[in-house]
Amino acid sequence: MKGGLGKGLNALIPASKEPLAVNIPPKGDAYKVSIQEIRPNKDQPRKHFDKDKLETLVDSIKAHGLIQPIVVRPIEQGYEIVAGERRWKASREAGLKEIPCIIKEMDQRTGLEIALIENLQREDLNAIEEASAYKQLMEFYGLTQEELSQVVGKSRPHIANTLRLLNLGEKIKQMVVNEEITSGHARALLRLTDKNLQLETAQKVMENQLSVRETEVLVDNLLTVKIKKEQPAQKVKDYHLVSLEDSLKSLFGTKVNIVKGKKKGKIEIEYYSDEELERLIDLFQRV
1 MKGGLGKGLN ALIPASKEPL AVNIPPKGDA YKVSIQEIRP NKDQPRKHFD KDKLETLVDS
61 IKAHGLIQPI VVRPIEQGYE IVAGERRWKA SREAGLKEIP CIIKEMDQRT GLEIALIENL
121 QREDLNAIEE ASAYKQLMEF YGLTQEELSQ VVGKSRPHIA NTLRLLNLGE KIKQMVVNEE
181 ITSGHARALL RLTDKNLQLE TAQKVMENQL SVRETEVLVD NLLTVKIKKE QPAQKVKDYH
241 LVSLEDSLKS LFGTKVNIVK GKKKGKIEIE YYSDEELERL IDLFQRV
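Residue numbers (UniProt numbering): 1 to 287.
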C-alpha cells in the first residue's frame with residue numbers, strides 16, 4: 001500500500017462544506033461516549049463481519065475492555081462512526097455502556113474516504129465490499145478509474161478487475177462474501193455470460209474445492225462445448241449424391257456441389273477464371 005493514501009482525494013475533490021458547530025476535544029484525545037449516542041455509518045464500505053472473529057473480540061472486550069478507541073464525527077443527534085464499527089458492535093454485545101472515542105470534525109464525504117482507506121489499509125474488506133466502495137467513490141466524486149487509482153494507491157487494472165465482480169449474480173457475490181470462493185474464482189466465472197451456468201459452475205467449484213487454475217480450465221471447457229453446440233451441424237451427404245458429384249466433376253473438370261432440399265435443390269459448379277467460365281459455357285452449349 002502506498003503512503004499518504006488519502007492525500008490524493010483532497011487534491012481531486014472540492015473543499016467540503018462548513019463543519020457542524022460543536023465542541024471538539026483536542027486532536028488525538030479519546031473521550032468516553034455513551035454507546036447509545038453512536039450511530040453506524042450507512043455508507044460504511046464494510047458490510048460483512050465474520051461472526052467467529054466478532055465473538056472473539058466480544059470476549060476480549062469483556063475481559064479487558066475496549067483498548068483501541070473508535071473514530072466518530074459529530075452529527076445532529078449524537079455521533080456517526082467513521083472507523084471502528086466492528087469494535088462498536090462488539091462493545092455493544094459485550095454490554096459496555098460507554099466506549100472511548102476520538103471525535104473528529106469532518107463532513108460525510110471525508111468520513112467515507114477515511115472509512116474506505118482504513119479498511120483497505122487493514123485489508124478488512126472482502127472483494128465485493130471493495131468493489132462496491134470503489135463504485136461508491138467514483139459515483140460520489142465523479143472520479144475516473146485512473147483518478148481513483150491515484151487516490152487509493154491501487155493500480156487501474158486492479159480497480160477495473162475488482163469493479164467487474166459487481167457484474168456477478170447476487171448468489172455468487174454472496175459466496176465471495178462468505179469466503180466460499182475467492183475473488184480469483186469469481187473473475188474466472190465472469191467469462192460465463194449465462195447467469196444460470198455461472199451459478200451452477202460456482203456451486204461445482206465450491207463443492208469440489210477447485211483451485212483458481214482448475215476453475216479457469218473448467219470454464220474453458222464449458223466455453224468450448226458451448227461454441228461447438230452453437231456451430232451448425234454438418235450434414236452428411238448420402239452415397240448417391242457423392243457419386244453424382246464425382247461424375248459431374250469428371251464431366252466439367254471442376255468442383256461440383258449438389259444441394260438437395262425437400263422438393264428442390266441446386267447444382268453449384270465452380271470456376272476460377274474468365275477463361276474457365278467460357279470453357280464451361282462452351283461445354284454446356286455442346287451438351
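Glycine is no exception: its CB is placed at the ideal position from the N, C-alpha and C atoms.
Among the options, which one has its Cα closest to the Cα of residue i?
i: L190; options: E278, L168, Q203, K173; result: L168
i: K53; options: V71, A90, I70; result: A90
i: Y271; options: K263, I70, K249; result: K249
i: K260; options: E245, E130, I67; result: E245
i: I81; options: G111, I181, V177, L277; result: G111
i: E118; options: S211, A83, A131; result: A83
i: E105; options: L116, E76, A131; result: E76
i: R86; options: T56, D238, E179; result: T56
i: Y31; options: E278, E98, D107, S247; result: E98
i: E113; options: L166, K195, L137; result: L137
i: N257; options: P74, K154, V242; result: V242
i: V219; options: Q209, E207, M206, L197; result: L197
i: R213; options: K154, L165, K51, S183; result: S183
i: E180; options: S211, G265, V152, L166; result: S211
i: V33; options: K51, L223, P74; result: P74
i: N178; options: R279, L280, H240, E129; result: E129
i: D194; options: L166, R109, K204, L223; result: L223
i: E139; options: A63, L125, K51, R109; result: R109
Measure the Cβ-Cβ separation of residue i and residue j and say whether it is below 8 angstroms.
i: L96; j: I38; result: no
i: I103; j: Y79; result: yes
i: I67; j: W88; result: no
i: I172; j: L192; result: no
i: I269; j: F252; result: yes
i: C101; j: V72; result: yes
i: A202; j: M175; result: yes
i: E275; j: T254; result: no
i: A188; j: E207; result: no
i: E146; j: R156; result: yes
Ends of the alpha helix (DSSP H) at residue i?
i: S183; result: 183 to 189
i: T193; result: Premise fails: T193 is in no alpha helix (DSSP H) and is neither H nor E.
i: L148; result: 145 to 152
i: S132; result: 127 to 141
i: L283; result: 274 to 286
i: P161; result: Residue 161 is actually Asn in this sequence, not Pro. Here the alpha helix (DSSP H) through N161 covers 156 to 164.
i: E170; result: 170 to 177
Is the closest heavy atom of the ligand GTP to the C-beta of residue i under 7 angstroms?
i: D107; result: The ligand GTP is absent from the structure shown, which contains no ligands of any kind.
List the whole-angstrom C-beta distance separating residue i from residue j, where the pair is believed to meet the contact cut-off of C-beta under 8 angstroms.
i: Y134; j: I159; result: 6 angstroms
i: A186; j: A127; result: 7 angstroms
i: A115; j: N221; result: No, A115 and N221 are not in contact; Cβ-Cβ is about 42 angstroms, not under 8 angstroms.
i: V151; j: L143; result: 7 angstroms
Restricting to runs no shorter than 4 residues, where is the alpha helix (DSSP H) found entirely within the UniProt domain "ParB-like N-terminal" (31 to 120)?
51 to 64, 85 to 93
If we require 3 or more residues per run, which beta strand (DSSP E) segments fall completely within the segment 195 to 271?
256 to 260, 265 to 269
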